[in-house]
Ligand SMILES: *[C@@H]1O[C@H](CO)[C@@H](O)[C@H](O)[C@H]1NC(C)=O
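Numbering (UniProt numbering), first residue to last: 1 to 296.
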């Protein structure tokens, strides 16, 4: 199961300039406008494979036999909500992985919140894998099959991160909740700001049906599209009181736990679309991981 892990070497992250950091710190606490690609992101891997179309409103990511590609936010945030609308690779996308994630970009005590979209053969469902790294420990994969064709239209994928929990949502439907159970000794990402990243790459050694289905390069190039970026959170460096301020909207009562309707949707996803949960994988975890027992 080690093959489920990321390949950090593919990330090729460039350090952000200090100048930009101080600019962010003075201009705002929380980004209160829709993010734009040029202002808020930088290309981290293969700019020849990333195109801005529609006057910059939509980003086209390209994967071919020469390269995949990637980009990252210029800023880092401590708590907040990030979202993006994505139209995934249509048709035969087996062996491809499109990722959207937050990452502290620190080696040993990495925090990371991942969405990974695992392609499939034509007509077979895309899988969304989520993972949570807290204080350097990951291996918390869950997978759901999507209930729509994510290559037909744009759908919104978001990560809400506050002091109470992390919620991964698809079109505002929660598909994963990682609760802050620090009181029970369970690590929760809380100290390190995270940047927002996206990559499109080939992972046919593990992505589709455990690596059985290989990428069909005769179908290349593969295209995924992204638009409507939203980044809201406490910029770091920035005012040091921001991350702990209860007046940030994402810390408000409505975001501290799922409401009744969200809880119902979440149960529906888990009952009908969950196809893998590390919590119940006895071959990997003979002893159930504590966060699974502590519940949501
Ligand atoms: C691809 O389709 C197969 C068959 O429906 C399914 O078992 C699998 O979970 C799907 N997703 C991936 C990533 O293999």
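Even glycine gets a Cβ: it sits at the ideal position worked out from N, Cα and C.
Set against 7 Å, the gap from the CB of residue 175 to the closest heavy atom of ligand 1 is not smaller. Every residue whose Cβ sits closer than 5 Å to any heavy atom of ligand 1 is listed here in chain order: 118, 120, 124, 127, 208 and 209.
Here DSSP, grouped into helix, strand and coil, assigns residue 137 to strand. Going by DSSP, residue 262 is part of no beta strand (DSSP E) but of the alpha helix (DSSP H) stretching over 260-272. Contact check for residue 130 against residue 176 passes: the beta carbons are separated by less than 8 Å. The Cβ atoms of residue 95 and residue 215 lie closer than 8 Å to each other. Partner residues in the beta bridge of residue 41, as assigned by DSSP, are 73. Per the coordinates, the alpha-carbon of residue 254 lies some 36 Å from the alpha-carbon of residue 53. Between the C-alpha atoms of residue 213 and residue 125 there is a straight-line separation of about 13 Å. 162 is the residue among 265, 162 and 143 whose C-alpha sits nearest the C-alpha of residue 191. For the 8 Å CB-CB criterion, residue 72 and residue 41 form a contact.
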